[in-house]
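Going by the numbering used here, the first residue of the sequence shown is number 20, and it counts up by one from there.
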Amino acid sequence: MIVDCASCPMRGVRCDDCVVTVLSELRVGEYDFEDPDTAPEPRGLALDAAERLAVGSFVAAGLLSAGAARLLRAERLDGAGQVAVSW
20 MIVDCASCPM RGVRCDDCVV TVLSELRVGE YDFEDPDTAP EPRGLALDAA
70 ERLAVGSFVA AGLLSAGAAR LLRAERLDGA GQVAVSW
């Protein structure tokens, strides 16, 4: 699992109670994921069924907005043989 605040879909929304932010003391910017003019452009691979199920759980729990979820894409990491989910 890769934790990266720069690609976190809750960046600027739930940072106050995020353990990653607390541990790293990072300052993060904000996006309005519901506004197409400020949300980042989706890039990468479409999510597979397991990833969509996990993202749906985050949306249902209120940890991720539906707008941010629509922007999520999978990304293959060079040389690591891993896939990360980001926007």
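Built from N, CA and C at the ideal position, the CB exists for glycine as well.
Checklist line | Rounded straight-line distance, which links the Cα of Ala25 to that of Gly31 | finding: As a working mapping, residue 31 is identified with position 12 in the sequence shown. As a working mapping, residue 25 is identified with position 6 in the sequence shown. Those two C-alpha atoms are separated by around 10 angstroms.
Checklist line | Residue range of the unbroken alpha helix (DSSP H) whose run includes Arg33 | finding: Along the sequence shown, one-based indexing puts residue 33 at 14. Neither: Arg33 is in no alpha helix (DSSP H) and is coded neither H nor E.
Check: Exposed or buried, which one is Ala79 when buried takes at least 16 other CB atoms within 10 Å?
Finding: Residue numbering aside, residue 79 sits at position 60 when the sequence shown is read from its first letter. Per the 10 Å Cβ criterion, exposed.
Next item on the list: Put Leu64 into one of helix, strand or coil per three-state DSSP.
Entry: Here residue 64 refers to the residue found at position 45 when the sequence shown is read from its first residue. Three-state DSSP puts Leu64 in a strand.
Item checked: Nearest candidate by alpha-carbon position, reference Gly63, set Ala69, Leu90, Asp35 and Leu83 -> Position 44 of the sequence shown, counted from the first residue, corresponds to residue 63. Per the Cα distances, Leu90.
Checklist line | Inter-residue spacing [alpha-carbon to alpha-carbon] between Leu66 and Ala93 | finding: In the sequence shown, the residue the question calls residue 66 occupies position 47. In the sequence shown, the residue the question calls residue 93 occupies position 74. Cα to Cα, the separation comes out at about 6 angstroms.
Checklist line | Extent of the continuous alpha helix (DSSP H) run through Leu90 | finding: Along the sequence shown, read from residue 1 onward, the residue named residue 90 stands at position 71. Start and end: Ala85 to Leu90.
Notebook entry, point to check: Using a C-beta cutoff of 8 angstroms, does Gly31 count as contacting chain C?
Noted result: Of the protein chains in the structure, only one exists, and it is not chain C.
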